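>
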Amino acid sequence: MYPNAQPTTPASGALDQLWLGAKHFFAGLNLLFRQRQLLWLSLVPLMLTVVMLVVLAAFFAWVVGGLLVGIATFLAGLAGQPKGVSPELALTLQAWSFLLGLFFASTFYLPLARVLLAPFSETLCRKTHELTHSGTRYQSSLGWARAMWEGLKLVALQLAVLLVGLVISFGLPVIGQLFLMLLTMVLCGMDYLDVPLAARGLPLRAKLGLLWRHKLLACGFAAAGYVLLYIPLVNILSLPVGVIGATLLTDQWPEQQ
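For the sequence shown, counting from 1, position 253 maps to 253 in this note's numbering; every step adds exactly one.
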């Protein structure tokens, strides 16, 4: 347990705990702009996030846009237009493919960021802990390779759980889709909350145990992150804000030996 870390005070009800978890996410936004050190540390992952989103969207546009142009050319040939599609139509299809790819990239980039940007996320997490705990550092001192390995383990677990959720959603038309959305929201929150727990040096089993013991707080936090992820431009801030907020929240969860 850390010197200034205190257990989270149990809220009077489930809704209170959900709201308290959501408030911790937005507390990360407040702290990000109040602490210049955190803002500077966030610039690198922010720039890499933008590059990652653009590259993923461009790749999607190249594949899907090219496929759509090919289909349109084929249909134009069947309709007796040997010149194929016009340059304007081809450009429109590519542009819409890019926007669609940007949407999907914004949805699925978090698992990639959890692995590829793990060193930056953990550095931001450790600095947040130091600033909010009078310079006290986490007792563990893991390298960048270990940070990426912890992220990879989490993503592998998430993919397995998501695959099960997809199977269930196909069997239950309406309820299954709702279940899949809630499952995706929870997994989104885990991407953030796993960073400070991994920085403590906790193994995967211990991390999952802590998340389960504080499941309502974690779900409230995850819901805030999930909503922010779908707001254009604002979602770029979701990674540093989520990591800072997750650190503020999980620092109140002492490990049970």
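Here a beta-carbon is modelled for each residue, glycine too, at the ideal position from N, C-alpha and C. Treat the numbers as computed from the prediction; the structure is a model and nothing was measured.
1. Using three-state DSSP, classify H133 as helix, strand or coil.
2. When DSSP labels each residue in this structure, what does L16 get in the three-state scheme?
3. Cβ of P173 within 7 Å of any heavy atom in the ligand GDP?
4. Which residues in the same chain have their Cβ closer than 6 Å to the Cβ of A198, if we skip the five residues on either side of it in sequence?
5. Do L154 and D194 have their C-beta atoms within less than 8 Å of each other?
6. Could you give the distance in angstroms between the alpha-carbon of L15 and the alpha-carbon of Y192?
7. Can at least three beta-carbon pairs, one atom from the region 242-251 and one from the region 120-130, be found at a separation below 8 Å?
8. Given a cut-off of 8 Å, decide if G21 and L216 are closer than it, judged by their beta-carbon atoms.
9. Roughly how many angstroms separate the alpha carbons of Q6 and R34, rounded to a whole number?
10. Using a Cβ-Cβ cutoff of less than 7 Å, which residues in the same chain neighbour P232 once the five nearest sequence positions on both sides are dropped?
11. Whose C-beta lies closer than 6 Å to the C-beta of A105 among residues of the same chain, with five residues either side of it excluded?
12. Hey, does R36 have any beta-carbon neighbour from chain C nearer than 8 Å?
13. Give me the Cβ distance between F179 and H24, rounded to the nearest whole Å; I'm assuming they're in contact under 8 Å.
14. Return the CA-CA distance between L18 and L75, expressed in angstroms with no decimal places.
15. Check I244 in the structure and name its three-state DSSP category.
For this structure:
1. If you number the sequence shown from 1, residue 133 lands on position 133. Three-state result, H133: coil.
2. Reading the sequence shown from its first residue, position 16 is the one you call residue 16. Reading the sequence as shown, one finds Asp at residue 16 and not Leu. The answer is helix: DSSP assigns D16 an H, G or I state.
3. Judged by which ligands are present, the structure shown has none, so any question about the ligand GDP falls away.
4. Start at 1 with the first residue of the sequence shown, and residue 198 comes out as number 198. Result list for A198: E150, in chain order.
5. Numbered from 1 along the sequence shown, position 154 holds the residue referred to as residue 154. Numbered from 1 along the sequence shown, position 194 holds the residue referred to as residue 194. Closer than 8 Å, so yes.
6. Counting from 1 along the sequence shown, the entry for residue 15 is found at position 15. Counting from 1 along the sequence shown, the entry for residue 192 is found at position 192. Computed Cα separation, rounded: 21 Å.
7. yes
8. Within the sequence shown, the letter at position 216 stands for residue 216. Within the sequence shown, the letter at position 21 stands for residue 21. Their beta carbons are under 8 Å apart, which means L216 touches G21 by this criterion.
9. Here residue 6 refers to the residue found at position 6 when the sequence shown is read from its first residue. Here residue 34 refers to the residue found at position 34 when the sequence shown is read from its first residue. The pLDDT assigned to Q6 is 43, lower than 50, so where the model puts this residue is not dependable; a value taken from the coordinates is nonetheless given after this. Looking at the two C-alpha atoms, the distance is approximately 23 Å.
10. Looking up residue 232 in the sequence shown gives position 232. So the list is empty, once near-sequence residues are dropped.
11. Within the sequence shown, residue 105 is the residue found at index 105, counting from 1. Result list for A105: L53, L56 and A57, in chain order.
12. Of the chains in the structure shown, none is chain C; there is only one protein chain.
13. Stepping through the sequence shown from its first residue, residue 179 is reached at position 179. Stepping through the sequence shown from its first residue, residue 24 is reached at position 24. Contact doesn't hold; Cβ gap of about 25 Å is too wide.
14. By 1-based counting over the sequence shown, the position of residue 18 is 18. By 1-based counting over the sequence shown, the position of residue 75 is 75. When rounded, the distance between both Cα atoms is 52 Å.
15. By one-based count along the sequence shown, residue 244 stands at place 244. Three-state DSSP puts I244 in a helix.
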